[in-house]
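K.L.:
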Amino acid sequence: MRHWSPYRDGMRSPASAMVGRDVELAVLRELIGGLAEGRGGMAWVDGEPGIGKSTLISAAIDEAARLGCAVYAGSAPELLPPFPLQVLLDALLVGRDSVDPLRAPLVGLLRGEGRTELVTPRDVAALLTEQVLALVDRLCAVAPVVLVLDDVQWADEASLSVWSRLVRTAAQAPLLLVAACRPLPRRPEVAATRRDLVERGATVLPLGPLSASQVIEMVGELVGAVPSGALGELTGQAGGNPLYAHEAVEALVRESRITVVGGVAELTGAGEWPGSLPEAIGRRLGFLPERTRSVLGLAAVWGSAFTVDDLAVVSGQPATELMAVVDEAVAASGERLLFRHGLIRQALYEAMPTSLRAALHRQAARTLAGAGAPVERVAERLLAGPVTADEWMIDWVAREAAALTYRAPRVAVDLLTRVRSAVDDGPRRERLDADLTVALSQLGDNEQVEQLARPVLAFSRDLVVAARVAWTLGYALMRMGRYEQAVEVAEHTLERPGLPAVWTARLYALRALALIGVGRFDEARAAAVQAEAEGRQAGDRLAVGYALHALALVEHNQRRDVAAQVALIDRALAVLGDELPVADLRLLLMINRAGGLDNLGRPAEADDAFGQAMVFAERAGTPPRLAHLRAKIADYSFYRGRWDEALAELQAATDLPMDMTYRLAGRGVRALIAVHRDDLPAAEREFLGVEELTSPGNGLRLYADLLLVAWALVAEREGRSSEALARLLAVFDPEGNREFPQLTPDTPMWLAEVVRLALVCGDRAAAAAAQAAAAAQGQASSATTAAAEYCAGLLAAEPAGILAAADTFHCIGYPLFGAQASENAAVLYADRGDHLAARAAYARAVEGYTSLDAVWDIMRVDARLRPYGIRRGRRGPRRRPTIGREALTATERKIADLVTAGQSNPDIAAQLFLSRRTVETHVSHILAKLGAHSRVDIARELANSQ
């Protein structure tokens, strides 16, 4: 909606509208001038109702349009409970009927394309969020964009979250964010959004009352004459509120109490000054014909914006008759109509009896549903209207529960809770409860799912209902780490005779996954095999997909057969296809497949697989799964030596709900990079609570390997080698029996550090045990084979074997381990007196460390070889420059070139197989390193540096 003209009658002139706002208008116009030159910005306009926020913004964006900027504006509704992001979707002209290719991904989500039964997690609001951010990016690539959000105090939380995230876009693209907000109601989430914007440099424009002289000037502009002393004194009672003064003066004009004589506006006749702004608006409405007031009352039911067709729904009158009626109090904005001020709508709405308002909302809901309107429009009426559900409402909510859960699970929970309270116990109530458990599951409210689901499972005779609830409850229990109980739920439900074939297959798959969670791998394999067979017979791809996923996990966790794991994943992906209803499972499989290819030493294929997973995640991934993917890519990038990319991925994940296990993995990546780059303060920040992770009973220890390795390396960095060894052994040999249980595919690479430190500390038994553990894993992949050879070479003090391992690490793209192996080979050659071989290995190690900016490692290898008289020609580790073109990483240089070519972040992301958010992070780094303030500046700086 792009309406910024609160008054359309002839009384108020542009000059009167902007009296006393010259400074604020100049600030906004300066921001718009910078926008036209390619610089983004933010403005937050504060002020009470009627103070002139919308009028100020209207005057400013007139300038934006003149300079060729695109303007998109929306206003959050007060009285209607909004669906997530609806205000921003309206502002950006996104609707179910939009045909613009830029908006196509959003349109598909709104229409529910590909939606079927919700049996896997799917957060549509989160998907819409990512697509809204991508749309704004692309719009900014077409023209500078002004995005206005009025009445922020009523905005939904999802829209507020997007507004905060758009700050990053405004920092690197031609985007000006303008928000207008009242001081009341005070909502913590609004205050947090404002605080976030202010901390990031937003310009705050508090609009206070006009001075007495400014009010007199404004009144003079309104009446076309100099106000007399009496009129000026009377208008002073408006308290400096422009709308209040305007409404009151207009009331005086209607009452013929202002006469202009000799260029002076005199106050005549008797009457009272309106005691408040609402009273002044009430007087305005009092002059309208009764029929007009009645129709406008109906319009107020719809909100601040509505169409003539909306009015026809609740009034039953032809649209042609209604148009003339509403023209008195509203202003047009395309096909939509708006009250000239929200207070007019509020006055009309509150004047209606509560029972009448509820009846009108109910009537509108039934009419809209009968006309085939989207579920959002019907649900808005029901949420705003009747508290008690009637038969029609119960039937409609039951019929549309899946669609509501898809679009807005919180709305679905609200409506399902209302209608189930109006239904007696029995099959109908059980079906509603089953729908409610699904909606609660989508919200992640696992405790409520369990509380609602257990009685249904205990008493329902409807086998489909029982199976659906068992499936939902089983996954809720697993998300809470209660795998044994999930096994019990699946088994008890499977014992029921006559269970539908589809649900039999799915529940066997559920049982298999829960059994893996408790380490009962043989039983899990048997259950998964049965699930696959049942699923194929029933023709249920989801059950087959989950069954193959479970079998792949067994191969990974029990047999350590990565090749078999990847083969099973490929079968599962082929079965599932790429339809959205199975998106979460598909994305999980894609992530695991990429990791498997990495473990098999197939880096090119792993790169491609992670890229495909990210492209799919941007289109269809839930936030937790996207966080999972970012954590895995960060881990992968660390091992591959792309440390800046790893850090960028973790920074991009900061807004996502990340599981504790992946959060620990991310902390480990950051800590290891910090230690190797000799940034000990950064590493120490990651070590908060690290000692608790070493306790034998802490189940999170398995996910904290990298963090604990970094903690051990810090001890070595500080000269405490024995403590470093003890910390490493606590990670990989927690029982202290030198058996090194529960090794992961990555563990053998770190066992080389155990061997090295054990030899340094004189603990040859520990070194031999670690070498034997690495040898036992040696044939799982190229990396583990190299690690086993590396450990054996260290134990035998055989540099040739270590160099062979270094060659393998370099070939499969593990530069850190290749450099470490070269370093240790160099020391052994030097110890043998073969300085020529030592120098060659030394140079190779330093080259590897330099590519990683691993300053500590360079200092360490220098110190280890110095006693042998072996030094590099240039002393001291070389750090990458921190500013200028040379400071850019390889990825940043690619992205900078694409920015210079005019591509948007989403387009760059698609081309490089990165996420939009990761590209956004890289662009922020590029701006900082080049000292640039906009994408235009990036192009200029790169051109100047060539």
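Just so we're aligned, residue 58 is where the sequence shown starts under our numbering, counting upward by one.
Glycine included, every Cβ here is placed at the ideal spot set by N, Cα and C.
For residue 241, does the count of other Cβ atoms within 10 angstroms reach 16, so buried, or fall short, so exposed?
P.N.:
Translated into the one-based positions of the sequence shown, residue 241 becomes position 184. Exposed is the call here.
K.L.:
Going by DSSP, what residue range makes up the beta strand (DSSP E) through residue 315?
P.N.:
Here residue 315 refers to the residue found at position 258 when the sequence shown is read from its first residue. Here the beta strand (DSSP E) through residue 315 covers 315-318.
K.L.:
Report all residues from its chain with a CB closer than 6 Å to the CB of residue 232; omit the five preceding and five following residues, and keep chain order.
P.N.:
For the purposes of this step, residue 232 is taken as residue 175 along the sequence shown, with counting starting at 1. Once the five neighbours on either side are set aside, the close Cβ partners of residue 232 are 97, 197, 202 and 226.
K.L.:
Can you find the residues in the same chain that come closer than 7 Å, C-beta to C-beta, to residue 683, ignoring five residues on each side of it along the sequence?
P.N.:
In the sequence shown, counting from the first residue as 1, residue 683 sits at position 626. Within the same chain, residue 683 has close Cβ partners 674 and 713.
K.L.:
Whole angstroms is fine: what's the gap from residue 434's alpha carbon to residue 834's?
P.N.:
In the sequence shown, residue 434 corresponds to position 377, counting from 1. In the sequence shown, residue 834 corresponds to position 777, counting from 1. Residue 434 and residue 834: Cα-Cα distance of roughly 59 Å.
K.L.:
Can you find a CB in chain D that lies within less than 8 Å of the CB of residue 191?
P.N.:
Absent here is chain D; the protein component of the structure consists of one chain.
K.L.:
Can you grab the Cα-Cα spacing for the pair residue 928 / residue 919, in whole Å?
P.N.:
As a position in the sequence shown, residue 928 is number 871, starting the count at 1. As a position in the sequence shown, residue 919 is number 862, starting the count at 1. The alpha-carbon atoms of residue 928 and residue 919 are separated by roughly 7 Å.
K.L.:
Give me the residue from 855, 460, 455 and 463 with the minimum Cα distance to residue 475.
P.N.:
Translated into positions along the sequence shown, residue 475 becomes position 418. Cα-wise, what sits closest to residue 475 is 455.
K.L.:
What's the gap between the Cα of residue 992 and the Cα of residue 971?
P.N.:
Reading the sequence shown from its first residue, position 935 is the one you call residue 992. Reading the sequence shown from its first residue, position 914 is the one you call residue 971. Their backbone Cα atoms lie some 19 Å apart in a straight line.
K.L.:
For residue 1021, which of helix, strand or coil comes out of DSSP?
P.N.:
Lying outside 58 to 1003, the shown extent of the chain, residue 1021 is not represented and no answer is given.
K.L.:
Which residue marks the beginning of the alpha helix (DSSP H) containing residue 288, and which one marks its end?
P.N.:
By one-based count along the sequence shown, residue 288 stands at place 231. Per DSSP, residue 288 belongs to the alpha helix (DSSP H) from 286-292.
K.L.:
Decide if the region 760-776 is in contact with the region 719-732; the criterion is three or more beta carbon pairs, one per stretch, under 8 Å apart.
P.N.:
Result yes; three or more Cβ-Cβ pairs closer than 8 Å.
K.L.:
Given that a residue counts as buried once 16 or more other Cβ atoms are within 10 Å of its Cβ, and exposed if not, what is residue 581?
P.N.:
Against the sequence shown, residue 581 aligns to sequence position 524. The residue in question, residue 581, is buried, as its Cβ has 16 or more Cβ neighbours within 10 Å.
K.L.:
Looking only at its chain, what residues have a beta carbon closer than 6 Å to the beta carbon of residue 824, apart from the 5 residues adjacent to it on each side?
P.N.:
Start at 1 with the first residue of the sequence shown, and residue 824 comes out as number 767. Answer for residue 824: 812, 815, 816 and 852, listed in chain order.
K.L.:
Going by other Cβ atoms of all chains shown within 10 Å of its Cβ, with 16 needed for buried, is residue 373 buried or exposed?
P.N.:
Against the sequence shown, residue 373 aligns to sequence position 316. By the neighbour-count rule (16 or more Cβ atoms within 10 Å), residue 373 is not buried but exposed.
K.L.:
Rounded to a whole number of angstroms, what is the C-alpha to C-alpha distance between residue 167 and residue 469?
P.N.:
Position 110 of the sequence shown, counted from the first residue, corresponds to residue 167. Position 412 of the sequence shown, counted from the first residue, corresponds to residue 469. If you take the alpha carbons of residue 167 and residue 469, they lie about 16 Å apart.
K.L.:
Residue 186 lies in the alpha helix (DSSP H); which residues open and close that run?
P.N.:
Within the sequence shown, the letter at position 129 stands for residue 186. Taken as a continuous stretch (DSSP letters only), the alpha helix (DSSP H) holding residue 186 covers 181-199.
K.L.:
Taking all protein chains shown into account, decide if residue 745 is buried (16 or more other Cβ within 10 angstroms of its Cβ) or exposed.
P.N.:
As a first step, residue 745 is located in the sequence shown; it is residue number 688 there, counting from the start. Counting Cβ neighbours within 10 Å, residue 745 comes out exposed, since fewer than 16 surround it.
K.L.:
Find out if the Cβ-Cβ distance for the pair residue 133, residue 189 is shorter than 8 Å.
P.N.:
The residue given as residue 133 occupies position 76 in the sequence shown. The residue given as residue 189 occupies position 132 in the sequence shown. Contact flag unset, no.
K.L.:
Let's see if you can read the secondary structure: which residues bound the beta strand (DSSP E) around residue 263?
P.N.:
Taking the sequence shown and counting its residues from 1, one reaches residue 263 at position 206. That run of the beta strand (DSSP E) goes 260-263.
K.L.:
What three-state label does DSSP hand residue 926 in the structure shown?
P.N.:
Within the sequence shown, residue 926 is the residue found at index 869, counting from 1. DSSP places residue 926 in coil when its eight states are reduced to three.
K.L.:
Have a look at residue 508 and residue 514 and give me their C-alpha separation to the nearest angstrom.
P.N.:
Counting from one through the sequence shown, the residue named residue 508 turns up at place 451. Counting from one through the sequence shown, the residue named residue 514 turns up at place 457. Using only the alpha carbons, I get a separation of about 11 Å.
K.L.:
Could you spell out where the alpha helix (DSSP H) holding residue 150 opens and where it closes?
P.N.:
Stepping through the sequence shown from its first residue, residue 150 is reached at position 93. Element bounds for residue 150: n/a, residue is neither H nor E.
K.L.:
Would residue 322 pass as a contact of residue 315 if the rule is Cβ separation under 8 Å?
P.N.:
Working through the sequence shown from its first residue, we reach residue 322 at position 265. Working through the sequence shown from its first residue, we reach residue 315 at position 258. Cβ atoms of residue 322 and residue 315: closer than 8 Å.
K.L.:
Can you look up residue 871 in the DSSP assignment and give me helix, strand or coil?
P.N.:
Mapped onto the sequence shown, residue 871 falls at position 814. Three-state DSSP puts residue 871 in coil, outside helix and strand.
K.L.:
Among the residues of its own chain, which have a CB less than 8 Å from the CB of residue 146, if the five just before and after it don't count?
P.N.:
Against the sequence shown, residue 146 aligns to sequence position 89. 152, 163, 167, 185 and 189.
K.L.:
Can you look up residue 363 in the DSSP assignment and give me helix, strand or coil?
P.N.:
For the purposes of this step, residue 363 is identified with residue 306 of the sequence shown, where counting begins at 1. Residue state, collapsed to three classes: strand.
K.L.:
Excluding the five sequence neighbours on either side, which residues of its own chain have a C-beta within less than 6 Å of the C-beta of residue 269, listed in chain order?
P.N.:
Taking the sequence shown and counting its residues from 1, one reaches residue 269 at position 212. Excluding residues within five positions, the ones whose Cβ falls inside 6 Å are 293.
K.L.:
Would you report the Cα separation of residue 428 and residue 438, rounded to the nearest angstrom?
P.N.:
Start at 1 with the first residue of the sequence shown, and residue 428 comes out as number 371. Start at 1 with the first residue of the sequence shown, and residue 438 comes out as number 381. Taking the straight line from one Cα to the other gives about 14 Å.
K.L.:
Specify the secondary structure class of residue 326 as computed by DSSP and reduced to three states.
P.N.:
Along the sequence shown, read from residue 1 onward, the residue named residue 326 stands at position 269. Residue 326: coil per DSSP, three-state reduction.
K.L.:
When the Cα of residue 690 is compared with those of 216, 735, 671 and 310, which residue comes out closest?
P.N.:
In the sequence shown, counting from the first residue as 1, residue 690 sits at position 633. Out of 216, 735, 671 and 310, 671 has the C-alpha closest to the C-alpha of residue 690.
K.L.:
My understanding is that residue 742 touches residue 750, with C-beta atoms under 8 Å, so please give their C-beta distance in whole angstroms.
P.N.:
For this step, residue 742 is matched to residue 685 along the sequence shown. For this step, residue 750 is matched to residue 693 along the sequence shown. About 16 Å separates the two Cβ atoms, so there is no contact after all.
K.L.:
Buried or exposed for residue 448, please, with buried defined as at least 16 other CB atoms from any protein chain shown within 10 angstroms of its CB.
P.N.:
Here residue 448 refers to the residue found at position 391 when the sequence shown is read from its first residue. Label assigned to residue 448: exposed.
K.L.:
Would you kindly report the start and end of the unbroken beta strand (DSSP E) that includes residue 98?
P.N.:
Working through the sequence shown from its first residue, we reach residue 98 at position 41. Per DSSP, residue 98 belongs to the beta strand (DSSP E) from 98-103.
K.L.:
Just list the residues that DSSP pairs residue 131 with in beta bridges.
P.N.:
Counting from one through the sequence shown, the residue named residue 131 turns up at place 74. Beta-bridge pairing links residue 131 to 206.
K.L.:
Flag this pair as touching only if the region 601-619 and the region 561-581 have three or more C-beta atom pairs under 8 Å; answer yes or no.
P.N.:
Yes: at least three Cβ pairs fall under 8 Å.
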